[in-house]
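Engineer: For the record, in the sequence shown the residue sitting at position 105 is 306 according to our numbering, with numbers rising by one throughout.
Think of the CB as a built atom: it goes at the ideal place given N, C-alpha and C, for glycine as much as any other residue.
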Amino acid sequence: LHVPRSVDDVERGIAAYGAAPGGKLLLRREAKAAAEAQASGVYITWCSTKTGAECCRIASVCRCLCGHRLEDHAPVNKNNPRPTPCTNCECRGYSFVPSRPEEVGMWWLP
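1. From the DSSP output, which residues share a beta bridge with C265?
2. So E231 is in the beta strand (DSSP E); what residue range does that whole segment cover?
3. For N278, list the residues DSSP reports as bridge partners.
4. Which same chain residues end up closer than 7 Å to Y295 when comparing Cβ atoms and leaving out the 5 residues on each side of it in sequence?
5. Suppose contacts are defined by Cβ-Cβ distances below 8 Å. Is R258 in contact with A234 by that definition?
6. Is the beta carbon of A236 less than 8 Å from the beta carbon of E303?
7. Within the 8 Å Cβ cut-off, does P276 reach chain B?
8. What would DSSP say about R258, mapped onto helix, strand or coil?
9. From the DSSP secondary-structure annotation, give me the bridge partner or partners of W247.
10. Using 10 angstroms around the beta-carbon of V277, count the other beta-carbons present and answer buried if the total reaches 16, otherwise exposed.
11. Following the continuous alpha helix (DSSP H) through G214, name the residue where it begins and the one where it ends.
12. Below 8 Å on the Cβ atoms is my guess for C248 versus E255; work out the distance and round it to an integer in Å.
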């Protein structure tokens with residue numbers, strides 16, 4: 202198992218083997234989240250509680266434990282960067298639910 206240690210390693214791997222399953226979807230979500238962060242001024246990531254490492258960016262289409270998307274919750278902004286309540290149910294604060302293995306560092310799973 203080779204773990205890429207640089208952008209060049211990743212580029213060589215993609216050129217040789219193609220993107221990992223779900224990789225394209227993950228990159229699209231990451232790009233969407235980055236664009237939303239740039240527009241809003243609020244950068245949201247999901248971090249590992251074990252290591253503190255950032256696992257993935259959170260976009261408006263990402264789901265909460267309540268089943269609704271972030272965009273269904275009250276807006277997050279610079280003045281209120283805390284998890285916001287859902288506008289469609291009794292959820293009192295957005296809590297990210299990973300939907301792809303890559304979001305939790307298990308990129309080898311289908």
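Structural biologist: A quick look at the data gives this:
1. The partner list for C265 (beta bridge, DSSP) reads F297.
2. Here E231 belongs to no beta strand (DSSP E); instead the alpha helix (DSSP H) covers 224-241.
3. By DSSP's assignment, N278 forms a beta bridge with N281.
4. C265, L271, H274, P284, T285, listed in sequence order.
5. When the beta-carbon positions are compared, R258 and A234 come within less than 8 Å of each other.
6. No, they are not a contact pair.
7. Looking at the structure shown, chain B is missing, and only one protein chain is on hand.
8. Here DSSP, grouped into helix, strand and coil, assigns R258 to strand.
9. DSSP lists C257 as the beta-bridge partner residues of W247.
10. Counting Cβ neighbours within 10 Å, V277 comes out buried, since at least 16 surround it.
11. In this chain, the alpha helix (DSSP H) harbouring G214 covers 208-218.
12. At roughly 5 Å, the Cβ-Cβ gap stays under 8 Å, so C248 and E255 are in contact.
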